[in-house]
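If you read the sequences in order, they're chains P and W.
Position one of the first sequence corresponds to residue 16 (the working numbering), numbered consecutively onward.
Position one of the second sequence corresponds to residue 5 (the working numbering), numbered consecutively onward.
Note that the Cβ used here is the ideal one computed from N, Cα and C, for glycine as well.
Bear in mind the structure is a predicted one, so any value in this text is a computation, not a measurement.
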Amino acid sequence: KAGVTQTPRYLIKTRGQQVTLSCSPISGHRSVSWYQQTPGQGLQFLFEYFSETQRNKGNFPGRFSGRQFSNSRSEMNVSTLELGDSALYLCASSLPETYGYTFGSGTRLTVV
Amino acid sequence: SQQGEEDPQALSIQEGENATMNCSYKTSINNLQWYRQNSGRGLVHLILIRSNEREKHSGRLRVTLDTSKKSSSLLITASRAADTASYFCATASASGNTPLVFGKGTRLSVIA
């Protein structure tokens, strides 16, 4: 059974650019959550999608957006990148009734 | 914002010793989960304990939950060098339909 796949693994972007990260959940998992991980703030919740609908949103500016497709794959987009957006972005999928998350390996974004 | 607070922030032990990590949280929960993260990669789900459970075992892992004190502990027995990682507790709110909230983690180093 394939795990959660995140692409790309590494990205280097320049301030002001935008970036799109992709997440393919485990087959059959309809819930996808995104987290940002930094040394200072730890794991911060970004969004959660379920059946193409955003179910929850964390406390991030509007530059951070996401969506989920009918096949449950999800993307997140960050526009007008800032240096502080440098982080490990983690995607997780789950079956709602079990609550346990399966995480991907993450996308390491560096903004220069 | 973090719900769980792990203690200690870092722990260094010899191979074969037991490692105990603690987690405190603030609000009522449906369940509490523990995850492991190796060096900036994705998180791996270790164990889930529901609010009506007091203790749970999985291999060398033992988790306890005290809802009256809003705290949990993770015990790893007979530690191995491969257990070196960061360990996070995460809480699922009792109010339901909200994302997992993670603590900042305990960095465990097991020295061979």
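Using a 10 Å radius around the Cβ and a threshold of 16 neighbouring Cβ atoms, would you call residue i buried or exposed?
i, result
"Arg40/W", "buried"
"His44/P", "buried"
"Leu98/P", "exposed"
"Tyr104/P", "buried"
"Phe84/P", "exposed"
"Ala116/W", "exposed"
"Ala102/P", "buried"
"Ala94/W", "buried"
Using a beta-carbon distance below 8 Å, is residue i in contact with chain W?
i, result
"Tyr104/P", "no"
"Gly121/P", "yes"
"Gly81/P", "no"
"Phe60/P", "yes"
"Thr68/P", "no"
"Tyr64/P", "no"
"Gly115/P", "yes"
Per DSSP, which residues does residue i bridge with? Please list them.
i, result
"Arg66/W", "His61/W and Leu79/W"
"Lys72/P", "Phe62/P"
"Asn35/W", "Arg54/W and Ala96/W"
"Arg123/P", "Tyr25/P and Leu103/P"
"Gly81/P", "Met91/P"
"Thr20/P", "Ser39/P"
"Arg40/W", "Val48/W and Tyr91/W"
"Ala14/W", "Arg111/W"
"Gln56/P", "Gln56/P is not bridged to any residue."
"Tyr116/P", "Paired residue(s): none; Tyr116/P is not in a bridge."
Please tell me whether residue i has its Cβ less than 8 Å away from any Cβ of chain P.
i, result
"Thr102/W", "yes"
"Val105/W", "yes"
"Gln37/W", "yes"
"Lys108/W", "yes"
"Ala89/W", "no"
"Ala86/W", "no"
Tell me whether residue i sits in a helix, a strand or coil according to DSSP, three-state version.
i, result
"Gly99/P", "helix"
"Ala23/W", "strand"
"Ala85/W", "helix"
"Ile51/W", "strand"
"Lys28/P", "strand"
"Ala106/W", "The displayed chain sequence assigns Phe, not Ala, to residue 106/W. Strand at Phe106/W."
"Asn181/P", "Residue 181/P lies beyond the residue range present for chain P, which begins at 16 and ends at 127; the question has no answer from this structure."
"Glu9/W", "strand"
"Ser72/W", "coil"
"Tyr29/W", "coil"
"Gln33/P", "coil"
Should residue i be listed as close to the ligand NAP, given that the test is whether its C-beta is under 7 Å from any heavy atom?
i, result
"Asn42/W", "What this structure holds is no ligand at all, so the ligand NAP is not there to describe."
Does the segment 67-74 of chain P come close enough to the segment 68-75 of chain W that 3 or more CB-CB pairs lie under 8 Å? no
With contact counted as at least three CB pairs below 8 Å, one residue from each stretch, are the segment 24-42 of chain P and the segment 89-96 of chain P in contact? Yes, the segment 24-42 of chain P touches the segment 89-96 of chain P.
For the segment 107-127 of chain P and the segment 81-90 of chain W, state whether three or more C-beta atom pairs, one from each stretch, are separated by less than 8 Å. no
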